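Chemist: Before anything else, here's the structure in question.
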Amino acid sequence: MALTNEQIERYSRHIILKEVGAKGQKKLLNAKVLIIGAGGLGAPAALYLAAAGVGTIGIADADEVDLSNLQRQVIHSTADIGKPKVQSAKESMEAINPDVKVITYHKFLTSDNILDIIKDYDFILDGTDNFPAKFLINDACVMAKKPFSHAGIIRFKGQLMTYVPGEGPCYRCVFRDPPPKDAVPTCKQAGVIGAMGGVIGSLQAMEAVKYIIGQGKLLTGSLLTYDALSMTFHKIQLPRDTSTCPVCGTHPTITKLIDYEQTVCEGVGL
Amino acid sequence: MKITVAGTEKQVADGITVAQLIEDEKVETPQYVTVTVNDEFVESGKFAETVIHEGDSIEFLYFMGGGSNGSDK
Ligand SMILES: [Zn+2]
Numbered sequence: 059m060a061l062t063n064e065q066i067e068r069y070s071r072h073i074i075l076k077e078v079g080a081k082g083q084k085k086l087l088n089a090k091v092l093i094i095g096a097g098g099l100g101a102p103a104a105l106y107l108a109a110a111g112v113g114t115i116g117i118a119d120a121d122e123v124d125l126s127n128l129q130r131q132v133i134h135s136t137a138d139i140g141k142p143k144v145q146s147a148k149e150s151m152e153a154i155n156p157d158v159k160v161i162t163y164h165k166f167l168t169s170d171n172i173l174d175i176i177k178d179y180d181f182i183l184d185g186t187d188n189f190p191a192k193f194l195i196n197d198a199c200v201m202a203k204k205p206f207s208h209a210g211i212i213r214f215k216g217q218l219m220t221y222v223p224g225e226g227p228c229y230r231c232v233f234r235d236p237p238p239k240d241a242v243p244t245c246k247q248a249g250v251i252g253a254m255g256g257v258i259g260s261l262q263a264m265e266a267v268k269y270i271i272g273q274g275k276l277l278t279g280s281l282l283t284y285d286a287l288s289m290t291f292h293k294i295q296l297p298r299d300t301s302t303c304p305v306c307g308t309h310p311t312i313t314k315l316i317d318y319e320q321t322v323c324e325g326v327g328l
Numbered sequence: 004m005k006i007t008v009a010g011t012e013k014q015v016a017d018g019i020t021v022a023q024l025i026e027d028e029k030v031e032t033p034q035y036v037t038v039t040v041n042d043e044f045v046e047s048g049k050f051a052e053t054v055i056h057e058g059d060s061i062e063f064l065y066f067m068g069g070g071s072n073g074s075d076k
């Protein structure tokens with residue numbers, strides 16, 4: 059499939075890069091990326107991936123746009139309040155780039171549906187806010203052998219790591235089990251500076267693009283932390299030995315997905 | 004003795020343990036922090052008995068949520 063004249067112009071700043079070129083741009087156009095959570099992290103990631111011409115973008119979120127989201131979730135507008143976040147995100151992405159096919163999942167991801175949803179995607183972005191969802195995404199990606207980007211943000215801090223099957227530790231290698239509910243502060247309780255989602259979500263989009271075009275070194279085997287107040291990035295080398303991990307290790311004890319929080323009205327929230 | 008904490012060189016007392024360092028560094032939610040010494044995990048039950056040596060590099064890894072606020076909104 060040759061690029062059209064319009065595509066050559068739209069993606070000219072990509073194509074001129076020796077690491078991308080027309081070949082890399084075609085890889086992006088053929089790629090499928092799933093973004094779980096259309097919030098502080100997912101919003102900027104979705105905007106950049108759509109603008110970059112990632113051909114198929116899946117977006118999963120059970121929520122509707124709320125006034126308190128707009129301080130950081132830049133894919134949604136004031137007029138979108140009350141609309142499903144996935145619908146608002148789809149409209150923004152399609153407005154930026156008609157090359158992109160957006161598939162929406164207006165639902166909570168659970169142990170019952172996550173494997174079926176991620177199976178069609180090349181790379182997954184975890185933009186969720188809660189630990190049950192983060193562990194579910196990790197375990198599902200390990201089991202389905204899918205690469206994914208994990209990230210978290212709070213106050214003036216953020217962090218991310220990338221998992222690629224067979225190339226280093228997973229999230230559960232670092233954190234064995236989710237903390238009890240409310241044991242660790244969340245953004246809602248502790249706050250988060252809006253631009254933090256922009257920094258970390260954009261880094262997640264960067265990892266997805268690098269994975270797709272096959273260039274550079276990914277954040278596999280390391281956790282990158284960012285502190286906005288001291289304006290420092292710090293890359294933590296993670297242990298290489300993953301053999302004892304309960305999910306990605308040599309003798310996994312977790313072989314079925316776990317829904318950590320199962321309340322009547324909630325499921326695993328995104 | 005000199006050690007490195009989160010990439011920064013620090014002067015600490017000889018024979019300090021991981022548990023003492025967690026206290027000195029005022030680590031938030033210390034019961035849920037993951038610790039590495041020289042890029043190896045320290046089991047969370049062994050913080051008090053793990054002695055840090057001159058030149059060791061210690062990292063604290065924290066749980067961080069963030070992103071979409073689906074479940075609580
Ligand atoms: Zn693992």
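For the protein sequence lines, the chains are V and B, in the order given.
Residues in the first sequence are numbered consecutively from 59, following my numbering.
Residues in the second sequence are numbered consecutively from 4, following my numbering.
Every residue gets a Cβ at the ideal spot worked out from N, C-alpha and C, and that includes glycine.
In this text the structure is predicted, and so the values were computed from the model without any measurement.
At which residues does the alpha helix (DSSP H) containing V/G279 begin and terminate?
Modeler: Here V/G279 belongs to no alpha helix (DSSP H), and DSSP marks it neither H nor E.
Chemist: Could you check where the alpha helix (DSSP H) with V/F189 kicks off and where it finishes?
Modeler: Residues F189 to M201.
Chemist: Looking at chain V, is there any beta carbon in it that lies within less than 8 Å of the beta carbon of B/D59?
Modeler: Not an interface residue.
Chemist: Quick one: Cα of V/S146 to Cα of V/A101, how far?
Modeler: V/S146 and V/A101: Cα-Cα distance of roughly 10 Å.
Chemist: Under 8 Å: do the stretch 291-307 of chain V and the stretch 222-230 of chain V share three or more Cβ pairs, one atom per stretch?
Modeler: Yes, they touch.
Chemist: Measuring straight from C-alpha to C-alpha, what distance separates V/L281 and V/S260?
Modeler: Answer to the nearest angstrom: the Cα atoms are 16 Å apart.
Chemist: Grouping DSSP H, G and I as helix and E and B as strand, with all else coil, what is B/G68?
Modeler: In this structure, B/G68 counts as coil in the three-state DSSP scheme.
Chemist: Are the stretch 27-36 of chain B and the stretch 162-179 of chain V in contact at 8 Å, needing three or more beta carbon pairs?
Modeler: Judged by Cβ distances under 8 Å, the stretch 27-36 of chain B makes no contact with the stretch 162-179 of chain V, as fewer than three pairs qualify.
Chemist: From V/V200 to V/I212, what distance separates their C-alpha atoms?
Modeler: Answer to the nearest angstrom: the Cα atoms are 26 Å apart.
Chemist: With C-beta atoms as the reference, is V/V257 less than 8 Å away from V/G216?
Modeler: Yes, the Cβ-Cβ distance between V/V257 and V/G216 is below 8 Å.
Chemist: If you measure from each CB to the nearest heavy atom of ligand 1 and keep those under 7 Å, what residues do you get, in chain order?
Modeler: This criterion selects V/V200, V/P227, V/C228, V/R230, V/C231, V/T300, V/C303, V/V305, V/C306 and V/G307.
Chemist: Is it the case that the Cβ atoms of V/A34 and V/I94 are separated by a distance below 8 Å?
Modeler: In the structure as shown, chain V begins at 59 and stops at 328. Residue 34 of chain V is therefore absent and cannot be evaluated.
Chemist: Smallest Cα separation from B/G10: which of B/K49, B/N41, B/M67 and B/Y65?
Modeler: Here the closest residue by C-alpha is B/N41.
Chemist: Cα-Cα, which of V/A104, V/E122, V/I182 and V/K148 is closest to V/G140?
Modeler: The residue with the shortest Cα to Cα distance from V/G140 is V/E122.
Chemist: Beta carbon of V/G97, beta carbon of V/D187: below 8 Å?
Modeler: Yes, the pair counts as a contact, with Cβ atoms nearer than the cut-off.
Chemist: CA-CA distance, V/Y269 and B/S60?
Modeler: Taking the straight line from one Cα to the other gives about 30 Å.
Chemist: I want to verify the contact list: residues of chain V whose CB lies under 7 Å from the CB of B/E62, in sequence order.
Modeler: Residues of chain V passing the Cβ test: I294.
Chemist: Thinking C-beta only, is V/S207 closer than 8 Å to V/E265?
Modeler: Closer than 8 Å, so yes.
Chemist: Please report the distance separating the alpha-carbon of V/L277 from that of V/D138.
Modeler: Cα to Cα, the separation comes out at about 34 Å.
Chemist: Using beta carbons (cut-off 8 Å, strictly below), is B/E43 in contact with chain V?
Modeler: Chain V contact via Cβ: present.
Chemist: Using DSSP's beta-bridge definition, name the partner residues of B/F1.
Modeler: Past the edges of chain B, shown from 4 to 76, lies residue 1 of chain B, and the structure says nothing about it.
Chemist: Are any of the Cβ atoms in chain V nearer than 8 Å to that of B/A9?
Modeler: It does; some Cβ of chain V falls within 8 Å.
Chemist: Would the beta-carbon of V/I271 fall within 8 Å of that of V/V91?
Modeler: No, they are not a contact pair.
Chemist: Sort V/L218, V/A263 and V/T136 by Cα distance to V/D285 and report the nearest one.
Modeler: Taking only the C-alpha atoms, the option nearest V/D285 is V/L218.
Chemist: Show which residues of chain B have a CB atom less than 9 Å away from the CB atom of V/L281.
Modeler: Result: E62 and L64.
Chemist: Taking B/T37 as the reference, give the member of B/I6, B/D17 and B/M67 with the closest Cα.
Modeler: B/T37 has its Cα closest to that of B/M67, out of B/I6, B/D17 and B/M67.
Chemist: Tell me whether V/A64 sits in a helix, a strand or coil according to DSSP, three-state version.
Modeler: The sequence as given places Glu at residue 64 of chain V; Ala does not occur at that position. Helix.
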